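Heads up, the thing below is written out as structure tokens.
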DNA sequence: TGATAATAGGATATTATCATCCGATTAGCA
DNA sequence: TGCTAATCGGATGATAATATCCTATTATCA
């Protein structure tokens, strides 16, 4: 669902959200705690600093920290610089076949599903992720239906 | 959302579904019509033949055709050999942090959203895609649990 | 039976993503 | 001011996804 890079970013930022506010965390610490290559994480977080999600401080006592309260940072903010979730093509099939103008029968359904995914990222905040424990939301699981066994890649 | 390969497969199979039943279509035709590299499409469709979605015939008059009625082929059947949509990890963040045992507040919501995506692929058939025009039925997708709050960016 | 038309499929090239290396830059502190 | 700790960021390497090439195999038809 998410690229490796976006997932790294997400995990690191969640960890940052648990940090004492005002105190930056070093990339080395984060990288070790999350088992992520340090130099890679460094660049990833640097990009988030450029987009305004994080603040970075160089030099002794430096590191990364949230640029604003966790409740003001959405998953979209964190993930979008790496995987662009917005601006997704209207149809599953890319350029082909099915468009707003002449939609296939599944078009409306797909749009609805796809927008729920987007809404999830747009509306879920870092603060939501940080809160542990059973969520208030009841778990309603639609049935999975048949699953055919397929040839592995 | 889908890999290039899966998208190619989907578009090609949709085209196959519009073919006269019983008459195979050549890869060359499909590839040209869809602007897909021919040899690449050949292998892609071959895999779908192995999984039983298509039937292939070699030699003169050969080609690919659906192995069963379009209404019996789900999008999952077509896409799963390339992108495994099933068996997706429980949480966005992969190994970390948030699991069934100790879920973050967004966990249940994410699961619900993610399962709607799966349900879409499992329950939408090729016949649905082939039908043009405004859909009669958006096939009733249960609504995701409301997320907590909306933060304007 | 030979010519031709098609898929089958291994080997290989190309490209994008993921990851590492290492020097440059910046800030704090003695 | 110089030492040290940290990010910055360009260059490069590794790996996986995407695409191409070429030959083998198979089926049809004259």
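Chains as they are written, first to last, in our numbering: chain A, 2 to 154; chain B, 2 to 154.
Glycine included, C-beta positions come from ideal geometry on N, C-alpha and C.
Since we're looking at a predicted model, the values are computed, not measured.
- A Cβ-Cβ contact shorter than 9 Å links residue 17 of chain B with residue 31 of chain B.
- Sequence-distant partners of residue 27 of chain B (beyond 5 residues in either direction) whose C-beta falls short of 7 Å from its own C-beta, in its chain, are 64.
- Think of a sphere of 7 Å around the beta carbon of residue 26 of chain B: no beta carbon from chain A falls inside it, the nearest being about 16 Å out.
- For residue 9 of chain A, the closest C-alpha among the options A:92, A:121, A:83, A:128 is that of A:83.
- Only exposed fits residue 47 of chain A, as fewer than 16 other CB atoms lie within 10 angstroms of its CB.
- Residue nearest to residue 61 of chain A within the set A:44, A:24, A:85, A:42 is A:24 (criterion: CA-CA distance).
- Here the C-alpha atom of residue 67 of chain A lies approximately 34 Å from the C-alpha atom of residue 119 of chain B.
- Taking C-beta separations shorter than 8 Å and ignoring five residues to either side along the sequence, the partners of residue 131 of chain B in its chain run 15, 18, 19, 71, following chain order.
- Within the region 33 to 86 of chain A, complete beta strand (DSSP E) segments of at least 3 residues are found at 55 to 58, 64 to 67, given in chain order.
- Look at residue 10 of chain A here: in three-state DSSP terms it is helix.
- Taking a Cβ-Cβ cut-off of 7 Å, residue 66 of chain B has no neighbours in chain A, whose nearest Cβ is about 19 Å from it.
- Of the residues A:126, A:77, A:33, the one whose Cα lies closest to the Cα of residue 52 of chain A is A:77.
- Residue burial annotation: residue 21 of chain A is exposed, with fewer than 16 other C-beta atoms found within 10 angstroms of its C-beta.
- Those residues of the region 6 to 27 of chain B placed with their C-beta closer than 7 Å to a C-beta in chain A are 8, 11, 12, 15, ordered along the chain.
- Going by DSSP, residue 4 of chain A is part of no alpha helix (DSSP H) at all; its letter is neither H nor E.
- Between residue 122 of chain A and residue 81 of chain A, the C-beta spacing is below 9 Å.
- Taking the beta carbon of residue 3 of chain B as reference, the chain A residues within 8 Å of it are 93, listed in sequence order.
- In this chain, the alpha helix (DSSP H) harbouring residue 110 of chain B covers 108 to 124.
- Scanning its chain for C-beta atoms nearer than 6 Å, with the 5 sequence neighbours on each side dropped, one finds around residue 11 of chain B the residues 79, in chain order.
- Across the region 23 to 57 of chain B, CB contacts with chain A closer than 9 Å involve 35, 36, 48, 51, 52, 53, in sequence order along the chain.
- For residue 126 of chain A, same chain residues with a beta-carbon under 8 Å away, outside a window of 5 residues either side, are 71, 72, 73, 74, 75, 76 in chain order.
- Against chain B, the beta carbon of residue 132 of chain A has neighbours under 7 Å at 105, 106, listed in chain order.
- The C-alpha of residue 115 of chain B lies about 13 Å from the C-alpha of residue 85 of chain B.
- Sequence-distant partners of residue 7 of chain B (beyond 5 residues in either direction) whose C-beta falls short of 6 Å from its own C-beta, in its chain, are 80, 83, 84.
- Residue 129 of chain A is a Cβ neighbour of residue 105 of chain B, given a cutoff of 9 Å.
- Ranked by Cα distance from residue 40 of chain A, the first of A:49, A:29, A:34, A:50 is A:29.
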